[in-house]
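Numbered according to the numbering used here, the sequence shown terminates at residue 985, and the numbering increases by one at each position without gaps.
No residue lacks a Cβ here, since even glycine has one placed at the ideal position from N, Cα and C.
Heads up: the structure comes next, in C-alpha cells.
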Amino acid sequence: MPRTKKFRRLRLLVILVVLLLVVGAGLGGWLGVRTVKASFPQTTGTLHLAGLSAPVSVDRDSKGIPQIYANTPADLFKAQGYVQAQDRFWQMDVDRHITSGTLASMFGKGQVDTDAFIRTMGWRDVAQQEYDTKLDATTKQYLQDYADGVNAWLAEHPGGAGASLEYALLGTAYSGYKPAQWTPVDSVSWLKAMAWDLSGNMQQEIDRSLLSQNLSKQQIAELYPSYPYSTNSTILKTGTVSDAGTAKATYHPAAGDGSSSSSGSSGSSTGATQASSTTTTTTTGSSGSVSSAVQASQTAATQLAANLDSIPALLGDPGQGIGSNSWVISGSHTTTGKPLLANDPHLGPGLPSIWYQMGLHCTVVGTACPFDTTGFTFAGMPGVVIGHNQSISWGFTNLGADVQDLYLEQVTGDNTYLYNGQNAKFTTRQEVIKVAGGADQTITVRSTADGMPIISDHNTQQQSVGQDAPVDGTAPPRNGGYAIALRWTALDPGKSMDAVFELDRATDFTQFRAAARDFAVPAQNLVYADTAGNIGYQAPGQIPIRAKGDDGTYPMPGWTSQYSWKGFIPQAALPYVENPSSGYIVTANQAVVDSSYPYELTDDWGYGTRSQQITNLIRSKLANGGRISPDDMQSMQTDDTSVMAQTLVPYLLKVPLNDPYYKDAQQLLKDWNYKQDAGSAAAAYYNAVWSNLLHLAFDEKFPAQVRATTDCVLQLPAGTAKVPVDGVNAAPKRVSVCGTRSPDQAQPDGGDQWTTAVTALLKQPSSDWWTYTDTKGAQVQGLDNMLLKAMVDARKQLTSLMGKDIGTWSWGRIHTLTLKEQTLGTDDSSIFSGLVHKLLNRGPYQLDGSSAAVDATGWDAAAGYQVDWVPSMRMVVDLSDLDASRWITIGGASGHAYSAHYNDQTQLWAEGQLLTWPFGKAAVTAATVDKLTLTP
Numbered sequence: 050m051p052r053t054k055k056f057r058r059l060r061l062l063v064i065l066v067v068l069l070l071v072v073g074a075g076l077g078g079w080l081g082v083r084t085v086k087a088s089f090p091q092t093t094g095t096l097h098l099a100g101l102s103a104p105v106s107v108d109r110d111s112k113g114i115p116q117i118y119a120n121t122p123a124d125l126f127k128a129q130g131y132v133q134a135q136d137r138f139w140q141m142d143v144d145r146h147i148t149s150g151t152l153a154s155m156f157g158k159g160q161v162d163t164d165a166f167i168r169t170m171g172w173r174d175v176a177q178q179e180y181d182t183k184l185d186a187t188t189k190q191y192l193q194d195y196a197d198g199v200n201a202w203l204a205e206h207p208g209g210a211g212a213s214l215e216y217a218l219l220g221t222a223y224s225g226y227k228p229a230q231w232t233p234v235d236s237v238s239w240l241k242a243m244a245w246d247l248s249g250n251m252q253q254e255i256d257r258s259l260l261s262q263n264l265s266k267q268q269i270a271e272l273y274p275s276y277p278y279s280t281n282s283t284i285l286k287t288g289t290v291s292d293a294g295t296a297k298a299t300y301h302p303a304a305g306d307g308s309s310s311s312s313g314s315s316g317s318s319t320g321a322t323q324a325s326s327t328t329t330t331t332t333t334g335s336s337g338s339v340s341s342a343v344q345a346s347q348t349a350a351t352q353l354a355a356n357l358d359s360i361p362a363l364l365g366d367p368g369q370g371i372g373s374n375s376w377v378i379s380g381s382h383t384t385t386g387k388p389l390l391a392n393d394p395h396l397g398p399g400l401p402s403i404w405y406q407m408g409l410h411c412t413v414v415g416t417a418c419p420f421d422t423t424g425f426t427f428a429g430m431p432g433v434v435i436g437h438n439q440s441i442s443w444g445f446t447n448l449g450a451d452v453q454d455l456y457l458e459q460v461t462g463d464n465t466y467l468y469n470g471q472n473a474k475f476t477t478r479q480e481v482i483k484v485a486g487g488a489d490q491t492i493t494v495r496s497t498a499d500g501m502p503i504i505s506d507h508n509t510q511q512q513s514v515g516q517d518a519p520v521d522g523t524a525p526p527r528n529g530g531y532a533i534a535l536r537w538t539a540l541d542p543g544k545s546m547d548a549v550f551e552l553d554r555a556t557d558f559t560q561f562r563a564a565a566r567d568f569a570v571p572a573q574n575l576v577y578a579d580t581a582g583n584i585g586y587q588a589p590g591q592i593p594i595r596a597k598g599d600d601g602t603y604p605m606p607g608w609t610s611q612y613s614w615k616g617f618i619p620q621a622a623l624p625y626v627e628n629p630s631s632g633y634i635v636t637a638n639q640a641v642v643d644s645s646y647p648y649e650l651t652d653d654w655g656y657g658t659r660s661q662q663i664t665n666l667i668r669s670k671l672a673n674g675g676r677i678s679p680d681d682m683q684s685m686q687t688d689d690t691s692v693m694a695q696t697l698v699p700y701l702l703k704v705p706l707n708d709p710y711y712k713d714a715q716q717l718l719k720d721w722n723y724k725q726d727a728g729s730a731a732a733a734y735y736n737a738v739w740s741n742l743l744h745l746a747f748d749e750k751f752p753a754q755v756r757a758t759t760d761c762v763l764q765l766p767a768g769t770a771k772v773p774v775d776g777v778n779a780a781p782k783r784v785s786v787c788g789t790r791s792p793d794q795a796q797p798d799g800g801d802q803w804t805t806a807v808t809a810l811l812k813q814p815s816s817d818w819w820t821y822t823d824t825k826g827a828q829v830q831g832l833d834n835m836l837l838k839a840m841v842d843a844r845k846q847l848t849s850l851m852g853k854d855i856g857t858w859s860w861g862r863i864h865t866l867t868l869k870e871q872t873l874g875t876d877d878s879s880i881f882s883g884l885v886h887k888l889l890n891r892g893p894y895q896l897d898g899s900s901a902a903v904d905a906t907g908w909d910a911a912a913g914y915q916v917d918w919v920p921s922m923r924m925v926v927d928l929s930d931l932d933a934s935r936w937i938t939i940g941g942a943s944g945h946a947y948s949a950h951y952n953d954q955t956q957l958w959a960e961g962q963l964l965t966w967p968f969g970k971a972a973v974t975a976a977t978v979d980k981l982t983l984t985p
C-alpha cells in the first residue's frame with residue numbers, strides 16, 4: 050500500500066477499536082479474543098464446498114502451509130481459491146483494488162490520485178483484454194474455478210470481523226463497504242502489478258533527465274557506467290543469431306561455460322548487423338532531435354517523479370538496486386549426483402508476506418489432471434509461480450529488460466497533439482472513481498493514436514509539465530507544455546497467465562521453453578533443472594526493438610514517428626542454454642549476454658556484483674574436484690561479503706587519522722574479513738563510511754529533484770555560476786538547498802550502480818567528484834581529503850546512533866527490519882497511530898547482509914540503514930530427492946494478524962534457516978498437523 054500519510058480518519062477510528070480490544074482484554078479478554086479470532090479459518094474436520102465433483106483434502110503442516118489433493122483440475126483450483134481466501138482474503142481484496150484503481154472506494158478520498166494514475170494506465174482494462182482475447186480456454190476455466198472457490202468462501206464470510214480483523218477496523222470508518230465477488234480478471238490483473246514493480250527503467254530515464262540539469266552527458270555516463278564485462282560474468286557465453294533483424298531470427302547457444310566471463314566479442318551474428326538500436330544517442334537534427342527531448346524532459350521528469358510516489362510499492366521500490374539470485378548446479382558437480390537449484394527473489398518486505406506457499410496435487414497425475422506442483426504463488430492467483438513439480442524445477446530473477454519508454458507529446462489543442470507535422474486526435478475515455486465517504490470523481494483519460502496513455506494528466510503538478518523546460522530552436526512550440534506518454538509492454542495484452550500453468554505442468558526442457566515463450570511480462574531470467582539431470586536457462590519476454598539512435602535511456606520526442614518501436618525481438622532469438630559445459634548457471638540480474646548479441650535488451654543491467662560473488666563461491670567449492678551439497682547452496686544464499694569493501698578499505702586504511710577518537714574507528718577495518726554479520730562493529734563502521742562518502746561526493750552536485758527531503762547541502766543559487774564576479778557582482782554565496790524526493794526514491798541509493806561508479810572513480814584521485822564544500826563554504830579537493838572526511842563523519846554519526854564506545858557498536862543495531870502491515874497506512878507520527886502499528890507490525894529484526902551482498906538485505910543510502918528490501922523467500926530444490934528440498938518465506942502462511950502462522954517463519958529466515966519441504970504423499974502425510982476435507 051502507499052507509503053504516505055493517508056487514511057488519517059481511518060486510523061483515528063481504528064484506535065477506538067484497538068482501545069475496545071484492550072479494554073476487552075482487561076475484562077477477561079472475551080470481546081477482544083472473539084473479534085480477533087472470528088476470521089481464523091477452520092483447518093480440520095469437514096467443510097462443504099459446492100461444485101466439487103469429489104472430496105478434496107487440505108493437509109497443513111506445523112507452519113500452516115497447505116497441500117491440496119484433488120481428482121480434477123476444476124476441484125484443485127476451486128479448493129486453492131477457497132483456501133487462499135481463508136488465509137489471505139483481506140490482502141487479496143486490497144491488492145485487486147490497487148490493480149483496478151479503486152482504492153478510494155475502500156479507503157476514501159486520499160486514494161483518488163493513486164486510482165487516477167492506475168486507471169490512466171488501465172491495468173485492469175488490459176487484463177480484461179487478455180482474458181477476452183488472448184488466454185487459452187483451459188487457462189480461463191482454471192481462473193473461473195479459482196474464482197468460484199474464492200466466492201464460495203466469500204459467501205460464508207461477506208465482511209466484518211468474520212472475514213478479517215481489518216474489515217472490522219475498516220468498518221469503523223466506512224461501514225458501507227462490502228467485498229465484491231472475485232472474478233478471473235482480478236487474478237490476471239496482479240501480473241500487471243508484478244510487471245510494474247519489476248520494470249525500473251522508467252525511474253532511471255527520469256533520473257538521467259533530472260541529472261542533466263546540473264551535469265554533462267559525460268558526467269552522467271560516469272554515474273551510469275557500462276556493464277563491466279571484463280570482470281563480471283554474463284549469464285551465458287554469447288551464442289549467435291541467424292537471420293538477425295528478420296522474423297526468422299534464431300538464437301544458437303555457444304559451446305562452453307554457461308556462466309563464463311565475456312569481453313564483448315565471444316559471439317557473432319549472421320544474416321544482419323546490429324538488429325536493434327545503436328547505443329549512441331543523437332543530439333542534433335530535425336524537430337525530433339533527442340537534444341530537444343532531453344532538455345524538455347527535465348521539468349517533466351520532476352513532476353512525473355513526484356507522481357510516481359503515489360503508486361503503492363507492491364513488491365518493493367522499483368529501481369536499479371533491487372534484484373534476485375538464482376543458480377543451478379549440474380549433478381556432475383553435486384554431492385547428490387543430481388542438480389541443485391536455488392532461488393531468492395528480492396522484494397519489498399511487509400505483512401502479510403508477498404508469497405504464499407502451497408502444493409497442488411492431482412491424486413492421479415495424467416492427461417486429465419496434470420498437476421503435481423508445489424512452491425510459491427501470490428495470494429489471488431491460481432497455480433504456482435516458482436517451485437517444482439514431479440519432474441522439473443524452476444526459479445526466477447528479474448531480467449531487467451528495458452520495456453518502458455517515456456515520450457514527450459506536444460499538445461496543440463484541447464484534444465490534439467503534434468505528430469509528424471500534423472494535428473492528431475487523442476483517444477479519450479471517461480473513468481468514474483468511487484470514493485468511500487465522498488462524492489464520485491470523474492476523470493478523462495487521453496491516449497495517443499497508437500495507444501500510449503498520457504500519464505501526466507491527473508496531478509496538479511504534472512499539468513505544468515514542460516512549461517518552463519528549455520528547448521532548442523528545432524523543437525515544436527511548447528504552448529501549454531509537453532505531456533508525457535508511456536509505452537510499456539505490459540499495456541499490450543499477453544499470455545503470461547497461460548505461462549504459469551504451462552510451467553506448472555511442464556516435464557522437460559522443451560516444454561519449459563515453450564511455457565517461457567508465453568511469459569511476456571515481466572521479463573524474467575528463468576533457470577531450470579530436472580530429475581533426469583538436465584539444467585538450463587531461458588530469457589523470455591516481450592522486448593521492443595527501438596529505432597536507431599534510441600537506446601531507451603532518456604525520454605524521446607513523441608512528435609515524430611522516428612522513435613516509435615519497430616517491433617519486438619522474436620522469441621526464437623532470445624538467449625538460452627541447456628547443459629552448459631561449465632555445469633552451472635548463475636543469474637543475479639547481471640548482463641545476459643555480451644555486446645555481440647545483435648539486439649538491445651537493456652543498457653541498465655545490474656552490474657554483476659552478486660552474480661560474480663556467487664560464481665566465485667561456486668568455483669571455490671569445485672576447486673580440486675570438490676562437489677556442492679544442499680547445505681552449501683543454503684550457505685551461499687546467506688553469504689554477506691561486501692565486495693565493495695574489498696576495494697575501498699585499502700584506500701581508507703592508507704589515509705592518516707591522527708586523532709585517536711577517529712583512528713580507533715578506522716582500526717576496526719584493519720583485520721576485518723569483509724563479512725557484514727549483524728554483530729560486526731566493522732561492518733557498521735564501513736557502511737557508515739560508504740554512506741557518508743556517497744553524500745559528500747554526489748549530493749551537492751545533484752539537483753534537489755533527485756535528492757532526499759532529509760538531504761540539505763550548500764549549493765550556489767541557480768544561475769549564479771555563469772555571472773562574472775566584478776565591481777557590481779559580488780561572489781555568490783552558497784545557500785542550503787534541501788532535496789524534494791522521498792528518501793526511499795532518492796539518489797544516490799548505494800546499490801551496485803554506485804559501487805561500480807565509485808570503483809572507477811577511485812582510480813582518478815583528482816576527479817572533480819572528489820571535491821566537496823565544507824561547513825564554512827570552502828571547497829576541499831582530492832580523494833584522500835574526502836575519504837578522511839567520510840571517516841570522521843561516520844564516527845560522529847555512529848556515536849549519535851549507538852554511543853561513543855565502539856565496543857558496543859554492531860551492524861544489526863542500525864540495520865534492522867520491521868515488517869509492516871501497510872494497508873492501514875504507515876504513519877507513526879502520533880502515539881495512537883503508533884500503537885495501531887505496534888499491534889499489527891512485527892520486529893525489528895537485526896539482520897546480516899547488505900544491498901550488494903548475496904544476502905541482499907537492502908538499505909538505501911539516501912534513507913538510512915534500515916532494511917527496505919530483502920530475499921523475500923529462499924528455496925533450495927534437490928532434484929535427487931524432492932522431499933529433501935528446503936524453503937522459507939518472510940512472515941507466514943496466514944494473513945490474520947494474531948494467527949500462530951502470521952509471522953512464524955521470519956525469525957528462522959533471519960537466522961538463515963530453511964524449512965523441510967515435503968512433496969511426496971508419504972512425506973506430506975508425515976508432516977501433516979491439520980487435515981481438512983472439503984466435500985461436494
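Cβ contact annotation for Y914 (same chain, cutoff 6 Å, sequence separation greater than five): I863, H864, W908, in chain order.
The continuous beta strand (DSSP E) containing K474 extends over residues 471-474. For the 8 Å CB-CB criterion, Q954 and I937 form a contact.
Here the segment 439-453 lies against the segment 637-656, with 3 or more beta-carbon pairs under 8 Å apart.
Assignment of R891 by DSSP, reduced to helix, strand and coil, places it in the strand class. In the structure shown, the three-state DSSP call for N374 is strand. Here I482 is near V161, since their CB atoms are less than 8 Å apart.
Taking 8 Å as the cut-off, the Cβ atoms of G944 and W139 count as close. Here the segment 177-185 makes no contact with the segment 148-167; the two share fewer than three CB pairs at distances below 8 Å. In the structure shown, M501 falls within a coil segment according to DSSP collapsed to helix, strand and coil. The DSSP assignment places 373-378, 389-396, 404-411, 421-427 as complete runs of the beta strand (DSSP E) inside the segment 369-428, in order along the chain (cut-off: 3 residues). Put simply, the backbone Cα of A128 is about 23 Å away from that of A946. By the Cβ neighbour-count rule, P705 is exposed, with fewer than 16 other Cβ atoms within 10 Å of its own.
The DSSP assignment places 865-868 as complete runs of the beta strand (DSSP E) inside the segment 811-882, in order along the chain (cut-off: 3 residues). The three-state reading of DSSP puts V107 in strand, counting E and B together.
In this model, L259 and P604 are separated by some 11 Å (Cα to Cα). The secondary-structure analysis by DSSP pairs M605 across a beta bridge with Y456. If you draw a straight line from the Cα of W858 to the Cα of G728, it is about 8 Å long. With contact defined as three or more Cβ pairs closer than 8 Å, the segment 440-449 and the segment 371-390 are in contact. Secondary structure at Y223: coil, using DSSP grouped into helix, strand and coil. Listed as beta-bridge partners of I677 by DSSP are T383.
Per the DSSP secondary-structure output, H97 pairs in a beta bridge with T984. Contact check for Y821 against L745 passes: the beta carbons are separated by less than 8 Å.
At least 8 Å separates the beta-carbon of V903 from that of I584. Annotation: the continuous alpha helix (DSSP H) that includes Y734 extends over 730-747. At a Cβ-Cβ threshold of 8 Å, T687 and D897 count as neighbours. Residue burial annotation: Y700 is exposed, with fewer than 16 other C-beta atoms found within 10 angstroms of its C-beta.
In summary, D854 is exposed, with fewer than 16 beta-carbon neighbours lying within 10 Å of its beta-carbon over all protein chains present. Under the three-state reduction of DSSP, I618 is assigned to coil, being neither helix nor strand. Contact between the segment 577-597 and the segment 614-628 is present, with at least three C-beta pairs closer than 8 Å.
In the structure shown, D708 adopts coil according to DSSP, grouped into three states. Residue G892 holds the alpha-carbon nearest to the alpha-carbon of L868 among G892, K845, S849, Q846. Of all C-beta pairs linking the segment 101-117 to the segment 144-159, fewer than three are shorter than 8 Å, placing the two stretches out of contact.
Counting along the chain, D917 sits inside the beta strand (DSSP E) bounded by residues 916-920. Within the DSSP secondary-structure output, G907 pairs in a beta bridge with W918.
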